[in-house]
Amino acid sequence: MGSNAVFDAGHRETPGDRARRQPGPPDPPGTPDPTHSPYSSKYLAPTVTGSAKILVVGPFGVGKTTLIGTVSEIKPLSTEEEVTEAGAAVDGAALPAGAVGDASGGGSKSTTTVGLDFGRITINGVLALYLFGTPGQQRFLPTWRDLAKGSLGALALVDARDPESSFEALDNLEDLGLPFAVAVNHFPGSPHYPDAELREALDLLPGTPLVSCDARDPRSSVRALIALLRHLIDDRQAAEAAAGPAADDSAADGPAAGGPA
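Each residue of the sequence shown is one higher than the one before, counting from 1 in our numbering.
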């Protein structure tokens with residue numbers, strides 16, 4: 001599958017879109033316009049020709065629920081429950097001081113995802129992404145394994161204030177053999193580290209995408225998802241190119257090996 005099939009179909013920007021654009025890097029072609037009314041697309045557009053299941057993972061309070069709610073074109077499903085005193089003793093310890101799970105920048109984490117978050121976004125009018133947010137605590141790893149079934153890849157959120165809190169989530173993805181991109185979610189007042197320093201701290205492979213995002217900002221969040229899609233497309237193309245000659249050799253040797261002597 002070539003990248004043009006996903007990213008290059010006719011997105012046309014209006015003067016109003018340009019007026020609303022904030023300073024920053026240009027959006028990739030096909031980036032949905034986040035200025036539309038929320039939850040305006042209950043049904044898939046007739047132009048949609050493909051779909052993919054994507055996990056959104058990360059530690060407790062990193063902003064997974066926020067990101068899915070920010071980009072979803074349907075009303076997102078959330079299974080958040082109040083953090084109990086017993087749970088706070090375990091889960092609250094994983095949060096940096098002053099952390100907030102909804103990435104709003106103040107207060108404390110009072111709810112937690114206990115099942116999943118779910119949303120949907122259509123990229124470029126042709127590809128529907130079904131987003132599944134996982135619980136952030138390691139004790140929910142069995143739920144992770146169930147949600148990972150049939151997933152094409154994962155977007156791993158990292159807390160810019162505490163990158164080390166994402167080690168377990170990244171290890172889980174590697175154990176599951178699921179390709180992923182890393183998005184560093186910047187909270188108000190969080191530090192900014194050089195990419196090389198983050199890559200070393202997170203022990204990322206050279207080909208693993210690393211981007212910055214703000215889970216509250218639709219364009220920023222969509223850019224992170226598109227970085228993942230490009231990574232998945234590149235991996236697929238590389239695998240097909242590597243398998244091509246071997247597959248041809250196998251087909252050529254097959255009749256001789258299996259034919260009569």
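All C-beta atoms in this analysis are idealised placements derived from N, C-alpha and C, irrespective of residue type, glycine included.
Residue range of the beta strand (DSSP E) that residue i falls in?
i      : result
Asn185 : 180–185
Ile54  : 50–57
Leu155 : 153–159
Leu205 : Here Leu205 belongs to no beta strand (DSSP E), and DSSP marks it neither H nor E.
Leu141 : Counting along the chain, Leu141 falls outside any beta strand (DSSP E), though it belongs to the alpha helix (DSSP H) covering 141–148.
If we call anything under 8 Å between Cβ atoms a contact, is residue i one with residue j?
i      : j      : result
Leu152 : Lys53  : yes
Ala196 : Thr70  : no
Leu141 : Asn172 : yes
Thr122 : Ala45  : yes
Ala211 : Ala224 : Before going further, note that residue 211 is Val rather than Ala in the sequence given. Contact flag set, yes.
Leu155 : Leu228 : yes
Val57  : Ala169 : yes
Asp165 : Pro59  : At residue 165 the sequence reads Ser, which differs from the Asp that was named. Closer than 8 Å, so yes.
Where does residue i sit, in a helix, a strand or coil, going by DSSP?
i      : result
Leu198 : helix
Gly69  : helix
Ala128 : strand
Gln22  : The predicted model places Gln22 with a pLDDT of 41, which falls under 50 and marks its position as unreliable, so this point remains unresolved.
Gly63  : coil
Gly244 : helix
What does DSSP give as the partner residues of residue i in its beta bridges?
i      : result
Leu77  : Phe118
Leu210 : Val182
Ile123 : Leu127
Gly189 : Answer by DSSP bridge pairing: none, since Gly189 is not bridged.
If you drop the 5 nearest sequence neighbours on each side, which residues of the same chain put their C-beta closer than 6 Å to that of residue i?
i      : result
Gly119 : Ile68, Ser72, Pro76, Leu131
Leu176 : Ala148
Ser240 : Ser is not the amino acid found at residue 240; the sequence shown has Glu there. No residues qualify anywhere along the chain.
Val184 : Val158, Ala160, Ser212
Ala86  : With a pLDDT of 45 at Ala86, under the threshold of 50, the modelled position of this residue cannot be trusted; read the value that follows with caution. Counting only Cβ-Cβ distances below 6 Å, and skipping sequence neighbours, we find nothing.
Ala243 : none
For the alpha helix (DSSP H) that residue i lies in, which residues bound it at each end?
i      : result
Asp175 : 167–176
Once the 5 residues before and after residue i are set aside, which same chain residues still bring their CB inside 8 Å of it?
i      : result
Leu116 : Leu77, Thr79, Phe132, Gly133, Thr134, Pro135, Thr143, Leu147
Leu178 : Leu55, Ala148, Ser151, Gly153, Ala154
Once the 5 residues before and after residue i are set aside, which same chain residues still bring their CB inside 7 Å of it?
i      : result
Leu264 : Look at the range of the chain in this structure, 1 to 261, and you will see that residue 264 is not part of it.
Pro163 : Leu198, Ala201, Leu202
Gly50  : Val126, Leu127
Does any C-beta atom of chain D lie closer than 8 Å to the C-beta of residue i?
i      : result
Asp162 : The structure shown contains no chain D; it holds only a single protein chain.
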